[in-house]
Structure formats: C-alpha cells, structure tokens
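Sequential numbering of the sequence shown, starting at 446, is according to this note's numbering. Heads up, the beta-carbon is just placed ideally off N, CA and C, and yes, glycines get one too. Structure first, then comments.
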Amino acid sequence: MAHVLLVEDDQQNYEMLTRRLQRRGYDVTLATDGKRAVERARVTKPDLILMDIRLPEQDGYEATRAIRRFEDGGAAETPVIALTAHALEEDREKAFTAGCDDYHAKPVHFSKLVEQMEALLDDVPEA
C-alpha cells in the first residue's frame with residue numbers, strides 16, 4: 446500500500462488520521478511542523494502528502510512550495526492534499542497556488558479524503 450506523509454500538529458487529529466489510514470493499509474509517517482515535513486518528504490519520498498496548512502515553524506503553504514522546489518531537480522511531483530479549517534474559495538486558491546493538488550476542508554470527512562487520495566495515487570506513474 447502507499448506511503449503517506451501526514452503533516453499535522455494537532456495530536457487528536459494526527460492520532461485519529463494515523464489510526465484510520467493504517468487500518469486501510471497505508472504506511473504513515475508523521476511530521477508535526479512545516480520544516481519537518483520538508484525534511485521527511487526528502488528522506489522518506491512518500492507517495493502522497495496530507496498537508497495541514499496552519500503549522501508551527503513553517504506553514505503548509507511554504508512547506509509545499511519548498512517541497513516543490515526540491516522536486517524541480519528531477520523528482521516526480523508528490524501529490525499533496527491541503528487539510529485546513531479554512532474553507533473559503535481564496536484559501537482553496539492559495540493552496541493550489543502553493544502547489545497542492547487537492548484540498549480538503551476540516552473537519553475531515555474520512556471516506557471523502559480517501560477518495561481524493563486514491564484518485565491522486567491512481568494518477569501517479571508506476572516507478
């Protein structure tokens with residue numbers, strides 16, 4: 446199953462998402478701030494990233510931009526889904542401008558999130 450980098454600073458959210466994703470068979474790596482997200486994306490090379498936007502150290506927009514910058518070196522782009530409590534159209538556009546591939550407003554609707562993940566993972570070319 447796919448390897449997911451979960452970037453979330455809220456303990457209740459990351460514990461719930463990790464547990465539910467693992468039950469679905471996903472391998473989950475956790476980062477609790479934007480700087481760690483960039484480091485873990487480089488090292489673990491996840492198949493997909495779930496990126497909270499409001500994070501300590503570096504927000505999810507900047508972390509996504511940083512990941513996209515190092516991917517410009519030839520690596521295939523990793524699909525990124527923005528996770529945020531901000532559900533305005535301008536927030537959605539800001540996520541796409543930063544390099545996110547999809548957007549999921551909190552609270553997380555897990556079955557919908559999995560559908561979004563599977564759609565993006567289906568678009569990833571086999572290595």
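Hey, residue i and residue j: beta-carbon distance below 8 Å or not?
i: L495; j: L533; result: no
i: V449; j: A508; result: no
i: M562; j: L462; result: no
i: R469; j: V559; result: yes
i: I498; j: A550; result: no
Using alpha carbons as the reference points, say which of the options lies closest to residue i.
i: P552; options: D536, H531, L566 and E535; result: H531
i: A476; options: G470, Q456, R465 and R469; result: Q456
i: T523; options: D547, D478 and H554; result: D547
What does DSSP give as the partner residues of residue i in its beta bridges?
i: D472; result: H448
i: I526; result: L495 and D547
Write down the C-beta distance between residue i and residue j rounded to the nearest angstrom, noting that I regard them as a contact closer than 8 Å.
i: P501; j: D454; result: 6 Å
i: A511; j: V483; result: 5 Å
Measuring straight from C-alpha to C-alpha, what distance separates residue i and residue j?
i: Q467; j: G505; result: 23 Å
i: D567; j: A486; result: 20 Å
i: Q503; j: C545; result: 16 Å
i: A543; j: Y459; result: 22 Å
i: A446; j: V473; result: For the sequence presented, residue 446 should be read as Met rather than Ala. Roughly 10 Å between the two C-alpha positions.
i: F515; j: K480; result: 13 Å
i: A564; j: D517; result: 23 Å
i: H554; j: I526; result: 13 Å
i: S556; j: Y471; result: 14 Å
i: A521; j: E535; result: 27 Å
i: D478; j: E538; result: 22 Å
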